[in-house]
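Peer 1: For reference, the structure I am asking about is given below.
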Amino acid sequence: MIEKTAAELASALNNGEISSVELTQAYLDRISAHNEQLNAFITVCEESALNQAKAADEKRANGDSTPLLGVPMAHKDIFCTEGVTTSCGSRMLHNFIAPYNATVVENFNAAGAVMLGKTNMDEFAMGSSNETSFFGPVRNPWDLERVPGGSSGGSAAAIAADLCGMATGTDTGGSIRQPAAFCGITGFKPSYGRVSRWGMIAFASSLDQAGPICKSAEDAALMTNVMAGLDIKDSTSADIATEDYTAQLGQSLEGIKIGIPKQHFAEGLSTGVEQSIRDALAEYEKLGATLKEIDLPNNHLSVSAYYVVAPAEASANLSRYDGVRYGYRCENPVDLEDMYKRTRSEGFGDEVKRRIMVGTYALSAGFYDAYYRKAQKIRRLIKNDFDAAFKDVDVVIGPTSPHTAFKLGAKTDPVAMYLEDIYTIAVNLAGLPGISIPAGMSDGLPIGMHIVGNDFAESRVLNVAHQFQLATDWHKQKPDLSGAGS
Amino acid sequence: MEWETVIGLEVHVSLSTKSKLFSGTASEFGADPNTQANIFDLAMPGTLPVFNEEALRMAVKFGLAIDAEIGKRSVFDRKNYFYPDLPKGYQVTQLDFPTVGKGSLTINLEDGSERVIGVTRAHIEENAGKSLHEDFHGMSGIDLNRAGEPLLEIVSEPEIRNAKEAVAYLKKLHSIVRYLDISDAIMAQGSMRCDVNVSIRPKGETELGTRTEIKNINSFRFVEKAINSEVQRQQDVIEDGGRVVQETRRYDADRDETFSMRSKEFANDYRYFPEPDLLPVEIDDDYIDAVRATLPELPDARKTRFAADYGLSEYDAGVLTATREMAEYFESVAKDSGDAKLTANWVMGDLQALLNKNDWTIDQSPIQADRLATLIARIKDNTISGKIAKTVFETMIEDSAGVDEIIEKQGLKQVTDSGAIEKLVDEVIANNPDQVQQFKDGKEQVLGYLVGQAMKLSQGKANPGQVNQLLREKMQ
Amino acid sequence: MAFDRSEVEKVAHLARLHISDAEADEVTSRITDILELIDKMQSVDTDSVEPLAHPLDVKQRVRPDQVTETDRREQLQKLAPEAESGLYLVPKVIE
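Given below as structure tokens:
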């Protein structure tokens, strides 16, 4: 049962095949069997999960059939959960019990979902391998020697290993899509502004976006139905009507135009990944789509611009961690400056500090125009590239990552790590919706395909992914954890 | 050498909204520490700002009042620095696109002259909290009640030339924001604060000299003293062959001098950038017109009207309209008493003296407008004389009873009964035969003495006009 | 743009981070590499390009001036490393 998609679980719950309490217990058992190896969860909320499950069962008995009622899930530890530790993968917040719920959490609570716990992540969502977490790296269920991707690596590993029915993630430069690719699951980043950021701990405010990490595009649509919508608590939340994101899932792809960015099939792409994506594109042609090569001439600058914008915003967003009102404070500070400097140096890990430094430098006197302003101009060019592309095509498809999951500790050079997100970052800079779905295997490791839509074209992106999943079974592949469990 | 002083003022005015600039937390003065500090105000992870529409309206109102350009698109920026009273580690402010652009206001100087001072801009920003330095085992306490309250920072052009002009400018600003009812603007409570930029240059020079900034001065009087002391210091430095260093200074009122605030090893670098949690604020002409329609009568307009309607001198009209409360007080008394001239004399004379002596604002005056109006009406209808009125006024400070009750209680009512006055007059004539004779011999001025004697006899209560007339008649 | 150890020190101070002497060389070289990556931007002429600060091209919403929060001091100060008499305590603030 635990291997089922959220949609399947919901129908099993509806049919009375299983109760939410039983299902929740099954996941809790699975977590206790495998979390030690995977390190996917930072916090497990056994008691409250079972209480929520019980409440869900009662509601269902009273005729409530809300789609995700009683489905057990996990939240990335970046979402504030009232009364539950919310660490953001950092020593800085290792003791922070959030005094309120993120809107995303509120929405899932209102939908009757059961929260199993909080998943591991790169510290403050800064990383592409989940190795920067204060709570240790997450391991990829397909190969425990490999990374699950990041920063939402805990959620991705938990989904891949069936430790939960669905999970949330956040994506600033690829943090949902890249781990989804590495773990062979579905990860969807909606348009910027589609999902409220209230209660989601900020990394880079103009780029961060929450989204589903799950087992199918259909699940992503069901979760988006819960997550999306205007939230007056977030000024950047879009006042654009939401839709039923499952409504378009049945539409044929006949006549749809798919853009293939030549820059995404260039140097650096591994042959295994390239072959799988080209096969997937051939599958789309069979489904009636036409392919068209497109040009994203400024894509190669996206990583550069991103590593100004994101660290700059982060450098300010992370100034609040000063040891005064909550979180970590160093022992026995001799004076104020010592308190600030030691609290922050001991509370943050190396990658976070590095990005704060880069962002601080980029904003400092004399460099603003050359860095921050320049990056914003590049950001405009990147957005313009997509605007031009979407005049001709309905979606843009390419690989999510240049290669499959790499080994733990393999990438010690930050720049090499940053280039991991070469295909996903531009989408954040432009604020577009993008999904990664499994599209093949190479040497026993999953390959992710990246489907990008125009602003607020969530439904189309989800359907293009869904049609592929109806025709293929890559998303049904499961890692073998028999040797990994206890 | 003859020096010219160049002064620019940055005035922070606390906007009197009910809730904070970006959160729904109450923003009252004087609450228990940190009882007005909620999750956003404490910069809890994941919290986000939402803009208070009233702060915007108040800023636009101010802009219209000083005839300024209104920014139809204003942008919030982050100003980054670390301080324990700044929870987010940045202050949200408006750098390049403020809500209020160039405007001006007219200042009134003591010699009766006027000058127009340019306002460069006024922008909306967040207040910081407060550090309390009482000793908590060698630590400081942080109160964040004020953190995130809306401020309007009003920046003047460097067009102010001396300390008196600076004070006149501040008083005018104070008056305008009070008329607009957008701030309490109480310097002692910090709801109006002032940073002063001062430089000097040889007279005739057009380049600006190096300026220093004197931070956080908390009264009009100290602004004047701080400027004078800083100007003197800068002259001394230059005349001794030194040069002024650009720095932040603090005014020590006890020593009446400014001193340098410890500058850190590295200069401040605020790393401003557009606040990504907020979007540009856009307003249109309809919005601006709607705000314009709510503008009250402003000090300059009211001054002109008072002069015309009440026959007051320019000077009196200026004094009486300097604060909204004073103007409203005056107008209420003048209307109820029916004598504007007499009202002006009383308000600017006895009442002002009373307020000055006790350091009271008009709102704190024990002589409320309706009581002063009755007092003046009693002078007009001859119930009491002007002299007795002063006694009544003194009593009113301590006694909150009605004016008529006080007059009655103390038996101060003027004697107008002709029989009683005749008795008085007869007594005076009988007691002063010499003076009576002198009067009869044509020495008119003796009459004043005799009237005075009669008044004394009546303990001031006799109607002097009646006494005067009867004395004349009897001595013919 | 050259990024050397003195820059590291300056930037670390601005960001209130402590970089030990032992770390300084590595931090300098890592950041130099990152700046090299960033500097690729400089190859494109963007003189006529309007900066894009935000993917959402919409205006700021406003909220009515209403008090919606209640006092939660007791609960919130439990999260503080050090608080007393309703105040957050920090090492002496010297002005």
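Line by line, the protein sequences give chains A, B and C. Going by the working numbering, the letters in the first sequence line up with residues 870 to 1355, in that order. Going by the working numbering, the letters in the second sequence line up with residues 127 to 602, in that order. Going by the working numbering, the letters in the third sequence line up with residues 237 to 331, in that order. Glycine included, every Cβ here is placed at the ideal spot set by N, Cα and C. Quantities reported herein were computed from a predicted structural model and do not represent experimental measurements.
As an exercise, report each continuous beta strand (DSSP E) stretch of at least 3 residues that is fully enclosed by the region 1090-1157 of chain A, in chain order.
Peer 2: 1126-1130
Peer 1: What's the gap between the Cα of S1355 (chain A) and the Cα of A1334 (chain A)?
Peer 2: The predicted model places S1355 (chain A) with a pLDDT of 42, which falls under 50 and marks its position as unreliable, so this point remains unresolved.
Peer 1: Skipping 5 residues on each side, what residues in its chain have a beta carbon closer than 7 Å to that of S257 (chain B)?
Peer 2: P210, D211, S266, I268.
Peer 1: For the region 936-953 of chain A against the region 1185-1205 of chain A, are there 3 or more C-beta pairs whose distance is under 8 Å?
Peer 2: No: fewer than three Cβ pairs fall under 8 Å.
Peer 1: For Y1292 (chain A) versus G1267 (chain A), is the C-beta distance shorter than 8 Å?
Peer 2: yes
Peer 1: Indicate the three-state DSSP secondary structure (helix, strand or coil) for I1306 (chain A) in the structure shown.
Peer 2: strand
Peer 1: Is it buried or exposed, I1101 (chain A), if we count other Cβ atoms within 10 angstroms and call 16 or more buried?
Peer 2: exposed
Peer 1: Out of B:R337, B:N354, B:S463, state which residue places its alpha-carbon closest to the alpha-carbon of D507 (chain B).
Peer 2: B:S463
Peer 1: What does DSSP give as the partner residues of G1322 (chain A) in its beta bridges?
Peer 2: Bridge pairing for G1322 (chain A): A:V1264 [DSSP].
Peer 1: Tell me, please, which residues DSSP counts as bridged to M1069 (chain A).
Peer 2: A:F948
Peer 1: Hey, out of B:R319, B:E570, B:E333, B:A433, whose CA is closest to S341 (chain B)'s CA?
Peer 2: For clarity, residue 341 (chain B) is Lys in the given sequence; the question names Ser instead. When only C-alpha atoms are compared, the closest one is B:R319.
Peer 1: Between K1084 (chain A) and T1055 (chain A), is the Cβ-Cβ spacing less than 8 Å?
Peer 2: yes
Peer 1: Anything in the region 297-331 of chain C with a Cβ closer than 8 Å to a Cβ of chain A? List those residues in chain order, please.
Peer 2: R297, R299, R308, Q311, L312, L315, A316, P317, E318, Y324, V326, P327, K328, V329, I330
Peer 1: Following the continuous alpha helix (DSSP H) through R183 (chain B), name the residue where it begins and the one where it ends.
Peer 2: Per DSSP, R183 (chain B) belongs to the alpha helix (DSSP H) from 179-191.
Peer 1: Just to make sure I have the definition right: I need the residues of chain B whose C-beta is within less than 8 Å of the C-beta of A971 (chain A). Which are they?
Peer 2: Simply G172.
Peer 1: Tell me whether V1203 (chain A) is buried or exposed, calling it buried when 16 or more other Cβ atoms sit within 10 Å of its Cβ.
Peer 2: exposed
Peer 1: Using 8 Å as the limit for Cβ to Cβ distance, is A289 (chain C) near chain A?
Peer 2: Taking 8 Å as the CB threshold, A289 (chain C) lines the interface with chain A.
Peer 1: What does L292 (chain C) reach in chain B if we use C-beta pairs closer than 7 Å?
Peer 2: L405
Peer 1: List the residues of chain A whose Cβ lies closer than 9 Å to the Cβ of N206 (chain B), in chain order.
Peer 2: S1184, A1185, S1188, T1229, L1232
Peer 1: Does any C-beta atom of chain B lie closer than 8 Å to the C-beta of R241 (chain C)?
Peer 2: no
Peer 1: Quick check: the Cα distance between A157 (chain B) and G227 (chain B), rounded to an integer number of angstroms?
Peer 2: Cα to Cα, the separation comes out at about 34 Å.
Peer 1: I'd like to check one pair, D395 (chain B) with A943 (chain A): are the Cβ atoms closer than 8 Å?
Peer 2: no
Peer 1: Taking all protein chains shown into account, decide if W486 (chain B) is buried (16 or more other Cβ within 10 angstroms of its Cβ) or exposed.
Peer 2: exposed
Peer 1: Going along chain B in order, which residues have a C-beta closer than 8 Å to the C-beta of S1104 (chain A)?
Peer 2: L174, P175, V176, F177, D403, L404, L405
Peer 1: What residues of chain C sit near L1205 (chain A), judged by a beta carbon separation below 9 Å?
Peer 2: V326, P327, K328, V329, I330
Peer 1: For E440 (chain B), I'd like the list of residues in its chain whose CB is within less than 8 Å of its CB, leaving aside the five on either flank, ordered along the chain.
Peer 2: G238, K429, A433
Peer 1: Going straight from the alpha carbon of Q921 (chain A) to that of A1090 (chain A), what length do you get?
Peer 2: 23 Å
Peer 1: With which residues is G865 (chain A) paired in a DSSP beta bridge?
Peer 2: The question about residue 865 (chain A) has no answer here: the residues shown for chain A are numbered 870 through 1355.
Peer 1: Got a sec, what are the start and stop residues for the beta strand (DSSP E) L985 (chain A) sits in?
Peer 2: 983-988
Peer 1: According to DSSP, what are the bridge partners of S230 (chain B)?
Peer 2: B:G244
Peer 1: Relative to the alpha-carbon of N354 (chain B), which residue among B:R287, B:V577, B:L573 has its alpha-carbon at the smallest distance?
Peer 2: B:R287
Peer 1: Checking contacts by CB at 8 Å: is A152 (chain B) closer than that to chain C?
Peer 2: Cβ-Cβ to chain C under 8 Å: yes for A152 (chain B).
Peer 1: Helix, strand or coil for N1009 (chain A) per DSSP?
Peer 2: strand
Peer 1: Can you check whether the C-beta of A251 (chain C) is within less than 8 Å of a C-beta belonging to chain A?
Peer 2: yes
Peer 1: When you compare the CB positions of V363 (chain B) and V357 (chain B), do they come within less than 8 Å of one another, or not?
Peer 2: no
Peer 1: Using a C-beta to C-beta distance shorter than 9 Å, which residues of chain A count as neighbours of K214 (chain B)?
Peer 2: A1185, N1186, S1188, R1189
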